[in-house]
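Trainee: For reference, the structure I am asking about is given below.
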Amino acid sequence: MKKVLIANRGEVAVRVIRACRDMGIATVAIYSECDRAALHVRLADEAWPVGPSAPRESYLRIDTIIEVAARSGADAVHPGYGFLAENPDFAAACRDAGLTFIGPSPEAITMMGSKTAARRAALAAGVPVVPGTEEPLDDRTADADVLKVAEGIGYPLMLKAVAGGGGKGMRMVSAPAELPPALRAARSEAQSAFGDGAVYLERRLLAPRHIEVQLLGDHHGTVLPFVERECSIQRRHQKVVEESPSLAVGPDLRRRMTSAAAAVAKAVGYTNAGTIEFLLDTGGSFYFLEMNTRLQVEHPITEMVTGVDLVQWQIRIARGERLDLDPERLLAPQAHAIECRIYAEDPDNGFMPSPGRILGLRVPQGPGIRDDSGAYEGGEVPIFYDPLISKLVTWGETREHAIARMKRALTEYEVRGIRTTIPFFQWMLTDEDFLAGRFDTGFLDRKLAASRNRVLHAGDAAHEDLAAIAAAVHLFTGPAAKGGPGAAASRWRDTGRAEARR
-14 MKKVLIANRG EVAVRVIRAC RDMGIATVAI YSECDRAALH VRLADEAWPV
36 GPSAPRESYL RIDTIIEVAA RSGADAVHPG YGFLAENPDF AAACRDAGLT
86 FIGPSPEAIT MMGSKTAARR AALAAGVPVV PGTEEPLDDR TADADVLKVA
136 EGIGYPLMLK AVAGGGGKGM RMVSAPAELP PALRAARSEA QSAFGDGAVY
186 LERRLLAPRH IEVQLLGDHH GTVLPFVERE CSIQRRHQKV VEESPSLAVG
236 PDLRRRMTSA AAAVAKAVGY TNAGTIEFLL DTGGSFYFLE MNTRLQVEHP
286 ITEMVTGVDL VQWQIRIARG ERLDLDPERL LAPQAHAIEC RIYAEDPDNG
336 FMPSPGRILG LRVPQGPGIR DDSGAYEGGE VPIFYDPLIS KLVTWGETRE
386 HAIARMKRAL TEYEVRGIRT TIPFFQWMLT DEDFLAGRFD TGFLDRKLAA
436 SRNRVLHAGD AAHEDLAAIA AAVHLFTGPA AKGGPGAAAS RWRDTGRAEA
486 RR
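Each residue of the sequence shown is one higher than the one before, starting from -14 at the first, in the numbering used here.
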């Protein structure tokens, strides 16, 4: 493997480029029109345009990407996550073109990409699943038949897209009267998001935690699970904060969950990196939820508590190497790590995207801090893609230590020109229930509802607002003469903590 094309953008493309460079492998970036000056384009050994800004005309064009791989002389492709990462047609197209796909086989992606097929695979491996339907419910299934099935499962229920994830095509149903309209809405959203309107039913567990297990599988039959990640802090079914290990998982439960995850992966002949996701109920029982057949956004926290470079191992597995990691070490965390996803979103405006130019950027540094980012000062956050700026990770000897470092890091983190979720995390890290580990998948939505989705303190202002205030004061008062009207204004400055001090 001499040259890898990264079929993605942003922070994950940067992450893969750096892993390849550490291994002496050349990299090829691809970019859309609005990403011409993106960081991943600047860092790669070479970069090729793939079309207009809209994803369907650029980053989702399988034919164009395969052509660029051939013209650039790449012999392997890393899909990152998102876009084509879990598209079996893309994995098959790479294979047909003689390219090494750094990920699982098209067959494994197809099987585990269908939530109902994945549930059947888990059951066949002896792993419990949440009670629900094992076959898809498409638009040919009458509402009356769905109601009859739902009655057998019991309410409350979750409607979920067969082909999806990330909360798309998902609806909660508390009573029979709610099911028909929810069914129509879920099918429509699933069709729009994934090109497949089929859904399935699953009983809704009350106050569950979302626990996931990272896996690596090689081409020689070895599957190794890693210590779990806690992913229960979610907003509208989207992960916001992740940590490892979980406070809810002790040594015995960890053994049982990781063994179950490995059993599912072995049952489908899984290779490369993947993640098995579970729901953990209040009684300590766990249930298979789904499998993500790719690298996860939150993979850095696993790297920080185990010392394993997952991206490098993806590459090593793809070129046929055997896994020679110590299984016991992977299940014995050497630290506690937390990840906050820093988005270009306005937390006080319904978390609406806040695209635009980054006018100023100060990234936190120091012991126990890692920032995986695709942003830089002067760069643009486009409107066309996920507005993730970076993944801020801290780790320490204990959870309390990791949280203390995260608080420090958020205080130091400064992004000017756009709104970000940094104030939201500062607010959340003061919550007593979070600090005590008392949460479930509905925790954050309840907290936000109670605060009426206002997470900034009264009187706070965004950095760019303060900069504008200071500029206006200077403009109208003139130079700060000693004892003159401009003297007070001259002492205004942006501290990076959304407040002004004198």
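Don't be surprised by glycine CBs; every beta carbon is placed ideally from N, CA and C.
(1) How about residue 315 and residue 291: do their beta carbons lie closer than 9 angstroms?
(2) Our contact map puts residue 25 next to residue 359 with C-beta atoms below 8 angstroms; I'd like the distance itself, whole angstroms only.
(3) Between residue 354 and the rest of its own chain, which residues show a CB-CB distance below 7 angstroms, the 5 nearest in sequence each way excluded?
(4) Taking the beta strand (DSSP E) that residue 273 belongs to, which residues open and close that run?
(5) Only counting runs of 3 or more residues, tell me where the beta strand (DSSP E) segments fall wholly within the segment 105 to 191, in order along the chain.
(6) Identify whether residue 205 lies in helix, strand or coil by the three-state DSSP scheme.
(7) For residue 420, does the count of other Cβ atoms within 10 angstroms reach 16, so buried, or fall short, so exposed?
(8) Since residue 85 and residue 303 should fall inside the 8 angstroms C-beta cutoff, what is the C-beta to C-beta distance between them, to a whole number of angstroms?
(9) If I follow the unbroken beta strand (DSSP E) through residue 3, where does it start and stop?
(10) Counting C-beta neighbours from all protein chains within 10 Å, is the total for residue 339 16 or more, i.e. buried, or is it exposed?
(11) Find the nearest neighbour of residue 93 within the set 309, 250 and 307, judged by alpha-carbon distance.
(12) Let me know if residue 164 comes out buried or exposed under the rule of 16 or more other beta-carbons within 10 Å of its beta-carbon.
(13) Beta carbon of residue 233, beta carbon of residue 190: below 9 angstroms?
(14) Kindly identify the DSSP beta-bridge partner or partners of residue 375.
(15) Do you know whose CA, among 145, 133, 67 and 230, lies nearest residue 384's CA?
(16) Give me the Cα-Cα distance between residue 221 and residue 258, rounded to the nearest whole angstrom.
(17) Specify the secondary structure class of residue 401 as computed by DSSP and reduced to three states.
(18) So residue 238 packs on residue 268, CB below 8 angstroms; how close in whole Å?
(19) Does the count of Cβ pairs from the segment -13 to -1 and the segment 14 to 32 closer than 8 angstroms reach three?
(20) Go through its chain and collect everything with a Cβ distance to residue 207's Cβ below 6 angstroms, but skip five positions before and after it.
(21) Can you look up residue -10 in the DSSP assignment and give me helix, strand or coil?
(22) Does the segment 343 to 351 come close enough to the segment 399 to 407 to have 3 or more Cβ pairs within less than 8 angstroms?
(23) Taking the C-alpha atoms as reference points, what is the distance between residue 1 and residue 65?
(24) Measuring CA to CA, which of 388, 123, 53 and 299 is closest to residue 63?
(25) Return the Cβ separation of residue 214 and residue 283 in integer angstroms, given the expectation that the two are a contact with Cβ distance under 8 angstroms.
(26) How many Å lie between residue 323 and residue 128 at the Cα?
(27) Just to check my reading of the structure: residue 124 and residue 182 have Cβ atoms closer than 8 angstroms, yes? What is that Cβ distance to the nearest angstrom?
(28) Report the three-state DSSP secondary structure of residue 459 (helix, strand or coil).
(29) In the DSSP assignment, find the beta strand (DSSP E) that holds residue 32 and state where it starts and stops.
(30) Using a 10 Å radius around the Cβ and a threshold of 16 neighbouring Cβ atoms, would you call residue 490 buried or exposed?
(31) Who are the near neighbours of residue 223 in its chain, counting only those whose CB is closer than 7 angstroms to its CB and skipping five residues on each side?
(32) Once the 5 residues before and after residue 4 are set aside, which same chain residues still bring their CB inside 6 angstroms of it?
(33) Can you look up residue 410 in the DSSP assignment and give me helix, strand or coil?
(34) By DSSP, does residue 443 sit in helix, in strand, or in coil?
(35) Under the rule that 16 or more other beta-carbon atoms within 10 Å means buried, what is residue 197, buried or exposed?
(36) Between residue 293 and residue 409, is the Cβ-Cβ spacing less than 9 angstroms?
Mentor: Per the coordinate set shown:
(1) yes
(2) 6 angstroms
(3) 379, 390 and 394
(4) 271 to 277
(5) The segment 105 to 191 contains these whole beta strand (DSSP E) runs: 142 to 146, 156 to 158 and 184 to 188.
(6) coil
(7) exposed
(8) 5 angstroms
(9) Premise fails: residue 3 lies in the alpha helix (DSSP H), -5 to 7, not in any beta strand (DSSP E).
(10) buried
(11) 250
(12) buried
(13) no
(14) Bridge pairing for residue 375: 327 and 358 [DSSP].
(15) 230
(16) 26 angstroms
(17) strand
(18) Actually they are not in contact, since the Cβ atoms of residue 238 and residue 268 sit about 12 angstroms apart, beyond 8 angstroms.
(19) yes
(20) 308
(21) It is a strand residue.
(22) yes
(23) 8 angstroms
(24) 299
(25) 6 angstroms
(26) Rounded to whole angstroms, the gap between the alpha carbons of residue 323 and residue 128 is 43 angstroms.
(27) About 6 angstroms; that satisfies the 8 angstroms criterion.
(28) Confidence is the limiting factor: at residue 459 the pLDDT is only 44, short of 50, which leaves the residue's position unreliable, though a coordinate-based value still follows. If DSSP states are grouped into helix, strand and coil, residue 459 belongs with the helices.
(29) 31 to 36
(30) Because the chain is modelled from -14 through 487, residue 490 falls outside the range shown and cannot be assessed.
(31) 151 and 152
(32) 296 and 297
(33) helix
(34) Its pLDDT being 34, under 50, residue 443 is placed unreliably in this model, and the coordinates cannot settle the point.
(35) Counting of Cβ neighbours within 10 angstroms places residue 197 among the buried residues, the total reaching 16 or more.
(36) no
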